[in-house]
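Asker:
Residue numbers (the UniProt record's numbering): 1 to 1081.
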């Protein structure tokens, strides 16, 4: 090495200056390349090693996280499946009970209809009972039972000795009346569900929750039903869940296990022989310890458990990972486990592949470094030669640059001459705001020499021309101040330049006085063009658009930039055919002008009817120069024409077809269906209690509600379906091409769902329900009049069934109408035949139980039908106009009974009497009340008239006057069923009331239902504020009474104290009065 360095130094000493200068950088570069290559190689080895370790650690974390995510998701999926089964348990039980009860009801109906008139009613009853008695289901534990409406057991297969006895007062271990729950559930048209507790078959001393589905059998006044225990249904659901989870496999070695929170082993695929036992009973210590770890993890809220397990076939233990979920509603913990041995194998395989890849990269890097060193040596060799050539050319470059400088000086001289002789004013200013140059024209205009301007401040040119806010490159207009003349209009162009590192700014100013004058004239012409109310369009000879005005943009929606250069056919709507436009162009060529009505299309796609006038401009030789089109919008005229046609055929409020157009369209649809032998369904829709909306919120709100209903009807139907408003709150829908009742029912349910959703109108949330009657073509009629009449009858039947439902027209509706007529005829003679009587239910002090009065309740025993429910005959009496004489009889009979009790020496207490809304509407009702009181001699203070809240809300002003008139007779007035109305409670302040009766619907669930407690408290507080007394009806349990007392209720009424009593029975409850008291009464 020393000898080599010495020879190199000697060679450099002998070489010439130019050669030595060329090779010194080459040698230095070689040394630097070798050093950098060595350092880079060391760095690469260290870096690759670290990356290998990081990749292996990342792979291990990814595999572990993937396994945990998979197990967690599997356990959650199993938990969601169990939640789904739990949510369906009670619903499935109710559905099954309903199916069984419906089957029993159909059996009874069939037997009753088949044997009617063939055998006596008693024989038919016995046949039905004996037919249902042996029927069993639910694995033998299910049976049918029958009760009558008075609470007597008719059929009870499990305890036949109780048949014929009254179970009305039977209670479960929570004090609930079982029979009354069953009777209450049966009041629904299609039956209902009752909840109570009953003794378990295998544990006669313990009760459990039981559900029963019951339905009323009208011919005999029976309640037919069946029931089952919730605990049994839950056990079935749990067995089903375990059976389905047992078959779940998410790989060959992974399973789902289920362990109860108490340690019972429900599902254990790895050791099925222990299933059904307890964790403490496992004889394998290793397995028992594992199960205890899993149970502890689940009780702690769930988590992952890693463990090692030996397969049943033996061999070394393998690593596994399990996820344990927290106990669910059944107390179950779901466990998902997986084999992690495969993950270890994958990680080791990944480690090997990463190591091999790292070694390959190191070898490749080494080869690249060697290649780089060789390439650098070759490059250095060529570089040395190139440097020599550069140095040799340096001298010739100096000579060439001198020649270029001389050429630049020549060009600079020519440029200076051109600038000085330019017609524009030119200035240059330095960074300090001083003028560095002004050309000859600038000096002439400003009246100063160049020497005077150089170094002058730029403010000499004015702030508007050269202000502080101006950017270095800009074009603008300004006024240049002149010393002895008016300012000069100039167009200024500024830009920045740099010389010797110093910034300068140049300004070129052009006199624009002539241009400004021409622009003013053009502006006036443009203003005339733009300000016109007609749309104007100008095209060239090739019909390309040259200009449009603002009216064109306002009418069409197209901005000028969007249409310039385009053909006017972009406005074409295709409402007029090619022949129309051919005639238009023919007229333009022949006459040079055309005018007429054209349908264009706006930018947004909507149509625009216009009156269009086109004029052709030609030059002196007759060649076309321009087409000028002017048009006006005639949309209003067209809309008025369409509106006149629409008013004749459509409902102006809802924009649906009116009755005339609807009849025409339905007739056409029926004719088409007759030709195809197809079926159609006519749906007659009436909104329930729509009058309440108009009366309480006004007709404007009612109209908006009708419009919303119309929108929902259109949205619920197909394009080919027909919908219209026949008048008021009635709509008609014709659904063509259906397959009979099932499909018609599907459309009816769809319309029900659409209409019954809440409506948000102004600040009100409104709810409205429809009653729908359906008749089918051609089965129920072959013309629109027949179909409409039958659909109307079915609609009224839907209202009788409780509203908010649909009913098909059937021949049975005719029979039902006859049945109602028969009941009405019987009512007309019931008073004469003395078939009515009154019973009296005590009203007592809520806290002490002291008797305070009673309510007189009307009962009717038909000579053939037997007892008829008031819920059945009262609506018929109201519809037939018989309720007023019946109500008068009730008032007179109650007063007569009070007089009879007084004559028996009893202390009289107030009697509450129900008043029908129709009685309140009678003009002389108060006079009738006063006359009855005078005839009986009963003090008015002993009579309390109960009016339903809905009767008062129908016409609040009339109700205020009616109540005031009644109060002047001396009687007391109470609101019955308070809290069930639809209006605001503000009307109470206007009514002269004495008492509020809390409706039984708010009492039934006390004290368990918190919402009902709050409602009761609000009603009682409201009554106190207004100085009114409160009475709760329907009190049946001690818990209800205690809750009402705690809420502050003063009086109560219900079966807890006594059912409705005959007059003689109630008389025994009245205290005896002394002679003075009797005289005072």
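From the three backbone atoms N, C-alpha and C, an ideal C-beta is built for every residue, glycine too.
Source: prediction; values computed, not measured.
Can you look up residue 690 in the DSSP assignment and give me helix, strand or coil?
Answerer: helix
Asker: Quick one: Cα of residue 862 to Cα of residue 826, how far?
Answerer: 8 Å
Asker: Going by C-alpha to C-alpha distance, which of 235, 267, 739, 230 sits closest to residue 247?
Answerer: 267
Asker: Express the C-alpha separation of residue 1049 and residue 801 in angstroms, rounding to a whole number.
Answerer: Near 35 Å, if we compare the C-alpha coordinates of residue 1049 and residue 801.
Asker: Quick one: measure Cβ to Cβ for residue 895 and residue 947, integer angstroms, because I've assumed they're closer than 8 Å.
Answerer: Actually they are not in contact, since the Cβ atoms of residue 895 and residue 947 sit about 18 Å apart, beyond 8 Å.
Asker: Find the nearest neighbour of residue 202 within the set 255, 257, 141, judged by alpha-carbon distance.
Answerer: 141
Asker: Would you check if the segment 231-242 and the segment 159-171 touch, i.e. whether three or more CB-CB distances between them fall below 8 Å?
Answerer: no
Asker: Comparing alpha-carbon positions, which option in 702, 813, 816 lies nearest residue 764?
Answerer: Measuring C-alpha to C-alpha distances from residue 764 to each of 702, 813, 816 identifies 702 as the nearest.
Asker: Quick one: grab the DSSP three-state call for residue 1072.
Answerer: strand
Asker: Would you mind stating whether residue 682 and residue 793 have Cβ atoms separated by less than 7 Å?
Answerer: For residue 682 and residue 793, no; Cβs fall outside 7 Å.
Asker: Just checking my contact of residue 956 with residue 898 at CB under 8 Å: how many whole Å lie between their CB atoms?
Answerer: Incorrect: roughly 32 Å between the Cβ atoms, too far for contact.
Asker: Under DSSP, the beta strand (DSSP E) around residue 733 begins and ends at which residues?
Answerer: 730-738
Asker: Using 8 Å as the Cβ pair cut-off and three pairs as the minimum, do the segment 178-198 and the segment 220-232 touch?
Answerer: yes
Asker: Let me know if residue 567 comes out buried or exposed under the rule of 16 or more other beta-carbons within 10 Å of its beta-carbon.
Answerer: exposed
Asker: In the structure shown, what three-state DSSP assignment does residue 761 receive?
Answerer: strand
Asker: Return the chain-ordered list of same chain residues with a C-beta closer than 6 Å to the C-beta of residue 751, the five sequence neighbours on each side being excluded.
Answerer: 716
Asker: Pick out whichever of 1053, 1046, 1039, 1058 has its Cα sitting closest to the Cα of residue 174.
Answerer: Ranking 1053, 1046, 1039, 1058 by Cα distance to residue 174 puts 1039 first.
Asker: Measure how close the beta-carbons of residue 1095 and residue 738 come, nearest whole angstrom, since I'm counting them as under 8 Å.
Answerer: Residue coverage of the chain in this structure runs from 1 to 1081, which leaves residue 1095 outside it and unanswerable.
Asker: Name the residue from 889, 808, 854 whose alpha carbon lies nearest to the alpha carbon of residue 833.
Answerer: For residue 833, the nearest C-alpha among the options comes from 889.
Asker: Excluding the 5 residues flanking residue 1085 on each side, which residues of the same chain have their C-beta closer than 7 Å to its C-beta?
Answerer: Examination of residue 1085 is not possible in this model, given that the chain is present from 1 through 1081 alone.
Asker: Counting Cβ pairs closer than 8 Å, one from the segment 754-771 and one from the segment 803-815, do we hit at least three?
Answerer: Touching, yes, given that three or more Cβ pairs across the two stretches are closer than 8 Å.
Asker: In the DSSP assignment, what are the bridge partners of residue 479?
Answerer: 489
Asker: Quick check on this structure: which residue in 505, 139, 63, 633 has the alpha carbon closest to the alpha carbon of residue 340?
Answerer: 63
Asker: Report the residue from 35, 593, 655 whose alpha carbon sits nearest the alpha carbon of residue 372.
Answerer: 35
Asker: Helix, strand or coil: which one does DSSP assign to residue 767?
Answerer: coil
Asker: DSSP puts residue 808 in a beta bridge; with which residues?
Answerer: 774
Asker: Nearest-angstrom Cα distance between residue 922 and residue 886?
Answerer: 14 Å
Asker: Give every residue of the same chain whose Cβ lies closer than 6 Å to the Cβ of residue 456, excluding the five residues on either side of it in the sequence, and list them in chain order.
Answerer: If we look at residue 456 and ignore the five residues flanking it on each side, its Cβ neighbours are 435.
Asker: With contact counted as at least three CB pairs below 8 Å, one residue from each stretch, are the segment 193-200 and the segment 72-85 in contact?
Answerer: no
Asker: Nearest-angstrom Cα distance between residue 740 and residue 747?
Answerer: 11 Å
Asker: Counting only the same chain and skipping the five closest in sequence on each side, list residues whose C-beta sits under 6 Å from that of residue 231.
Answerer: For residue 231, where only same-chain residues beyond five positions count, the Cβ hits under 6 Å are 208.
Asker: Of the residues 480, 474, 374, 496, which one's Cα is nearest the Cα of residue 430?
Answerer: The residue with the shortest Cα to Cα distance from residue 430 is 496.
Asker: Taking all protein chains shown into account, do 16 or more other C-beta atoms lie within 10 angstroms of the C-beta of residue 12, making it buried, or fewer, making it exposed?
Answerer: With a pLDDT of only 48 at residue 12, under 50, the local geometry of the prediction cannot be trusted, and no value is derived from it.
Asker: Just curious, the alpha helix (DSSP H) that residue 1009 is in, first and last residue?
Answerer: According to the DSSP assignment, residue 1009 belongs to no alpha helix (DSSP H), since it is labelled neither H nor E.
Asker: Leaving out five residues on either side along the sequence, give the residues of the same chain with a beta carbon under 7 Å from the beta carbon of residue 480.
Answerer: 461, 462, 465, 487, 488, 490, 509
Asker: Apart from the five residues on each side of it in sequence, which residues of its chain come closer than 6 Å, Cβ to Cβ, to residue 976?
Answerer: 946, 948, 997
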